[in-house]
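Trainee: I have a structure here, written as structure tokens, and I will follow up with some questions on it.
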């Protein structure tokens, strides 16, 4: 089984507000749109959230996602990665984890399925668009213990050798589109 996790515990300080709640042109929130590509493609699917996150918990309940409270979310993405890795390692039969970011609402559902399928090869999976690496990324289970001690802004690139990853060239520019500031919402049409 390939599990999925969306990292949604970050502060989004460049956005100026909780960007996860920003409304997209289609009426959905940024977080809702980002999760949509994963729902029904990975089981189980978790959402890494800050503690006491009423918005995130409501969304999990409504969409059938498993909430993962990250107590140290203010410390950076490293804590969120460690939280997701610990959760996946505790799942019986989990062979890999597809990690997505909550501020990437343009990723296509088929992309998530392709990354999950490529994980069957037992290698890191790096989705690319026109040669540029993006997200979501696939991590085989044997790579997950290396993430458990991550802290602060240390990302997975500090412990994983992405140069050895299976580069999956996709026709999905959404793997590169993230929303960091309000003006980035215009890129979604």
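Residue numbers (the numbering used here): 244 to 432.
The beta carbon of each residue, even a glycine, is placed where N, CA and C say it ideally should be.
These figures come from a predicted structure and were not determined experimentally.
Residue 273 and residue 257 look like a contact to me (Cβ under 8 Å); what is the Cβ gap, rounded to whole Å?
Mentor: For the purposes of this step, residue 273 is taken as residue 30 along the chain shown, with counting starting at 1. For the purposes of this step, residue 257 is taken as residue 14 along the chain shown, with counting starting at 1. Contact doesn't hold; Cβ gap of about 13 Å is too wide.
Trainee: Tell me residue 355's beta-bridge partners as DSSP assigns them.
Mentor: As a first step, residue 355 must be located in the chain shown, where it is residue number 112. Paired residue(s): none; residue 355 is not in a bridge.
Trainee: In chain order, which continuous runs of the beta strand (DSSP E) of length 3 or greater are located wholly inside the region 312-384?
Mentor: 339-344, 368-372, 380-383
Trainee: Going by DSSP, what residue range makes up the beta strand (DSSP E) through residue 412?
Mentor: As a first step, residue 412 must be located in the chain shown, where it is residue number 169. Where residue 412 is concerned, the enclosing beta strand (DSSP E) stretches over 409-412.
Trainee: Under 8 Å, with one C-beta from each stretch per pair, do the region 389-406 and the region 325-341 reach the 3-pair mark?
Mentor: Counting C-beta pairs closer than 8 Å gives three or more between the region 389-406 and the region 325-341, which meets the contact rule.
Trainee: Compare the beta carbon distance of residue 381 and residue 368 with 7 Å and say whether it is the shorter of the two.
Mentor: Counting from one through the chain shown, the residue named residue 381 turns up at place 138. Counting from one through the chain shown, the residue named residue 368 turns up at place 125. Contact flag set, yes.
Trainee: Pull up the distance between the alpha-carbon of residue 350 and that of residue 308, whole angstroms please.
Mentor: Your numbering for residue 350 matches position 107 in the chain shown. Your numbering for residue 308 matches position 65 in the chain shown. Their Cα atoms are separated by approximately 18 Å.
Trainee: Going by the CB atoms, is the gap between residue 313 and residue 251 shorter than 7 Å?
Mentor: Against the chain shown, residue 251 aligns to sequence position 8. Against the chain shown, residue 313 aligns to sequence position 70. Against a cut-off of 7 Å, the Cβ pair of residue 313 and residue 251 comes out as no contact.
Trainee: Closest to residue 374 by CA distance: which of 360, 410, 348, 295 is it?
Mentor: The residue given as residue 374 occupies position 131 in the chain shown. The shortest Cα separation from residue 374 among 360, 410, 348, 295 belongs to 410.
Trainee: If you draw a straight line from the alpha carbon of residue 311 to that of residue 414, how long is it in whole angstroms?
Mentor: The residue given as residue 311 occupies position 68 in the chain shown. The residue given as residue 414 occupies position 171 in the chain shown. Their Cα atoms are separated by approximately 31 Å.
Trainee: Using only CA atoms, which one of 396, 346, 408 lies nearest to residue 425?
Mentor: As a working mapping, residue 425 is identified with position 182 in the chain shown. Comparing Cα-Cα distances from residue 425 to each of 396, 346, 408, the minimum goes to 346.
Trainee: So residue 403 is in the alpha helix (DSSP H); what residue range does that whole segment cover?
Mentor: The residue you call residue 403 lines up with position 160 of the chain shown. Unbroken run through residue 403: none, as it is neither H nor E.
Trainee: Determine the DSSP secondary structure at residue 395, reduced to helix, strand or coil.
Mentor: Here the question's residue 395 lines up with position 152 in the chain shown. If DSSP states are grouped into helix, strand and coil, residue 395 belongs with coil.
Trainee: So residue 279 is in the alpha helix (DSSP H); what residue range does that whole segment cover?
Mentor: Counting from 1 along the chain shown, the entry for residue 279 is found at position 36. In this chain, the alpha helix (DSSP H) harbouring residue 279 covers 273-279.
Trainee: Suppose you measure from the CA of residue 422 to the CA of residue 428; what does that come to, to the nearest Å?
Mentor: As a position in the chain shown, residue 422 is number 179, starting the count at 1. As a position in the chain shown, residue 428 is number 185, starting the count at 1. Looking at the two C-alpha atoms, the distance is approximately 6 Å.
Trainee: Rounded C-beta distance between residue 358 and residue 370? I'm assuming under 8 Å.
Mentor: Looking up residue 358 in the chain shown gives position 115. Looking up residue 370 in the chain shown gives position 127. About 6 Å separates the beta carbon of residue 358 from that of residue 370, a gap short enough to meet the 8 Å contact definition.
Trainee: Going along the chain, which residues of its own chain have a beta-carbon closer than 8 Å to the beta-carbon of residue 385, five neighbours each way excluded?
Mentor: Taking the first residue of the chain shown as 1, we reach residue 385 at position 142. For residue 385, where only same-chain residues beyond five positions count, the Cβ hits under 8 Å are 365.
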